[in-house]
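Just so you know, the sequences run in chain order A and B. Residue 1 is where the first sequence starts when you use full-length UniProt numbering, and the numbers rise one by one after that. Residue 1 is where the second sequence starts when you use full-length UniProt numbering, and the numbers rise one by one after that. All C-beta atoms, glycine included, are put in the ideal place defined by N, C-alpha and C.
Protein chains: 2
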Amino acid sequence: MEHTRKVVLFIAVSLDGYIAKTDGSLEWLFAVEGEGSNGYTEFYDTIDTMISGRATYEHVLQMMNNEYPHYDKHNIVLTSSGKGEDPKISFSNEDVASIVKKLRREPGKNIWVVGGSKVIEAFMSENLIDEYIITVTPVLLGEGIPLFTKFPQEIKLKLTNSRTYGQFVQSTYVRAE
Amino acid sequence: MEHTRKVVLFIAVSLDGYIAKTDGSLEWLFAVEGEGSNGYTEFYDTIDTMISGRATYEHVLQMMNNEYPHYDKHNIVLTSSGKGEDPKISFSNEDVASIVKKLRREPGKNIWVVGGSKVIEAFMSENLIDEYIITVTPVLLGEGIPLFTKFPQEIKLKLTNSRTYGQFVQSTYVRAE
Chain A
1 MEHTRKVVLF
11 IAVSLDGYIA
21 KTDGSLEWLF
31 AVEGEGSNGY
41 TEFYDTIDTM
51 ISGRATYEHV
61 LQMMNNEYPH
71 YDKHNIVLTS
81 SGKGEDPKIS
91 FSNEDVASIV
101 KKLRREPGKN
111 IWVVGGSKVI
121 EAFMSENLID
131 EYIITVTPVL
141 LGEGIPLFTK
151 FPQEIKLKLT
161 NSRTYGQFVQ
171 STYVRAE
Chain B
1 MEHTRKVVLF
11 IAVSLDGYIA
21 KTDGSLEWLF
31 AVEGEGSNGY
41 TEFYDTIDTM
51 ISGRATYEHV
61 LQMMNNEYPH
71 YDKHNIVLTS
81 SGKGEDPKIS
91 FSNEDVASIV
101 KKLRREPGKN
111 IWVVGGSKVI
121 EAFMSENLID
131 EYIITVTPVL
141 LGEGIPLFTK
151 FPQEIKLKLT
161 NSRTYGQFVQ
171 STYVRAE
């Protein structure tokens, strides 16, 4: 049994692989009929740490009228300066590999890579994701911000679960090797 | 009930959205443990016509030592000249919208868009696909030939089925509108 805390990418994507439209909008996602919280509530219980990019963090703040909804978790927000204004958030400009290495040494629950695309790219280029929970949305956007950009190595995964939540197909993968 | 023959894209794709490696190879796909024919046999019975690109047609010929395995179907192979050597194949350089329009006027079973990427792009740019059967493979390739490239319109789909075949997740979508 593996008890080390896992780094998890939990994200929704269009059928053609985009996490948002080019302008960042997500209406296409919210318009889809799911079921309950589409697995979010159960997932949220398995993590105690979130790693976000600054743009994603600010986008969430804005959507929630400046009431950040994740203070129950340890929040690491990546900014180029390593600085930010909220004392309840750990702002960092360390590389993600070093951050993950430190976090794995500490006991705790799983770590959620929230994104956006630059953060995901940094994790993928170093193959740092242990588990992928990908929720596929029945929409073809035609263009947008891609979930996966190019990364240097082929990564073999193992499907551990797949289920539908209404119109969503949510599949869970772990590293195969 | 809709009885018009449908244009179906039945294809396997890596989790990051590629139908083949950059060099066209598919070993990553054949290495995955599925179940039975992974839905292929049942699907193949629902179609009587195949539309392929010339490169795909030649790739199949080569893999099968020049014994084309699909003579039980009506084969349309798209070539820039509209000409080819096999009298049992309809070679065409018509645009795909006209081909589909003609086929839909004739009675028959469904039509399989086999690809490759240029053919799929031509169909997507005109929103000609009625049903998408996408089989997701648990591999992240990092780069390759993408299933979906940019196309001009957002297409809303409806999930009609999703199931696993071993390590594969196969989801079926139809146009929502």
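Cα-Cα separation, residue i to residue j
i: A/Tyr47; j: A/Ile99; result: The question names Tyr, but residue 47 of chain A in the sequence shown is Ile. Looking at the two C-alpha atoms, the distance is approximately 16 Å.
i: B/Gly34; j: A/Glu85; result: 51 Å
i: B/Glu177; j: B/Ile129; result: 12 Å
i: A/Ile133; j: B/Gly108; result: 40 Å
i: B/Leu157; j: A/Lys102; result: 43 Å
i: A/Lys150; j: A/Met124; result: 9 Å
i: B/Ile11; j: A/Gln62; result: 40 Å
i: B/Tyr40; j: A/Val32; result: 29 Å
i: residue 197 of chain A; j: A/Asp45; result: Outside the shown range of chain A, which is 1 to 177, sits residue 197 of chain A, and nothing can be said about it.
i: A/Glu42; j: A/Lys6; result: 15 Å
i: B/Arg175; j: A/Glu106; result: 48 Å
i: A/Pro69; j: B/Pro69; result: 57 Å
Cutoff 6 Å; reference residue i; Cβ partners in own chain excluding five residues on either side
i: A/Met1; result: Bear in mind that a pLDDT of 42 at A/Met1, under 50, signals an unreliable position, so the model cannot answer this.
i: A/Asn38; result: Tyr165 and Phe168
i: B/Ser90; result: Ile76
i: A/Phe30; result: none
i: A/Asn161; result: Thr172
i: A/Gly36; result: none
Beta-carbon proximity list for residue i, same chain, < 8 Å, skipping 5 on both sides
i: residue 178 of chain B; result: Outside the modelled stretch of chain B, which goes from 1 to 177, sits residue 178 of chain B, for which no answer is possible.
i: A/Leu159; result: Ser171, Thr172 and Tyr173
i: B/Val119; result: Ile51, Ser52, Gly53, Thr56, Leu78, Val96 and Val113
i: A/Trp28; result: Ser14, Lys21, Thr137, Val139 and Leu141
i: residue 178 of chain B; result: Here chain B has residues from 1 to 177 only, and residue 178 of chain B is not among them.
i: B/Phe148; result: Gly17, Ile120 and Met124
Test item: CB-CB of residue i and residue j under 8 Å
i: A/Glu121; j: A/Tyr173; result: no
i: A/Val136; j: B/Glu154; result: no
i: B/Ile111; j: B/Val13; result: no
i: B/Asn93; j: B/Ser81; result: yes
i: A/Lys88; j: A/Tyr71; result: yes
i: B/Thr4; j: B/Arg104; result: yes
i: B/Gly24; j: B/His59; result: yes
7 Å CB neighbourhood of residue i in its chain, flanking five on each side removed
i: A/Pro152; result: Ser125
Per the contact definition of three or more C-beta pairs closer than 8 Å, is the segment 110-119 of chain A in contact with the segment 51-64 of chain A?
Proximity of the segment 51-64 of chain A to the segment 110-119 of chain A meets the contact definition, three or more beta-carbon pairs being nearer than 8 Å.
Would you say the segment 144-152 of chain B touches the segment 18-25 of chain B, given that touching needs at least three Cβ pairs under 8 Å?
yes
The segment 166-177 of chain B: positions lying closer than 9 Å to chain A by Cβ:
Within the segment 166-177 of chain B, the residues whose Cβ lies closer than 9 Å to some Cβ of chain A are Gly166, Gln167, Phe168, Val169, Ser171, Tyr173 and Ala176, listed in chain order.
Mind checking the segment 13-29 of chain B against chain A and listing, in chain order, the residues whose C-beta falls within less than 8 Å of any C-beta there?
Leu15, Asp16, Gly17 and Trp28
Residues from the segment 96-127 of chain A in contact with chain B, defined by Cβ distance under 7 Å
none
Which residues, taken in chain order from the segment 137-148 of chain B, show a beta carbon closer than 7 Å to some beta carbon of chain A?
Within the segment 137-148 of chain B, the residues whose Cβ lies closer than 7 Å to some Cβ of chain A are Pro138, Val139, Leu140, Leu141, Gly142, Glu143 and Phe148, listed in chain order.
Using a Cβ-Cβ cut-off of less than 7 Å, list which residues of the segment 82-93 of chain B approach chain A; keep chain order.
none
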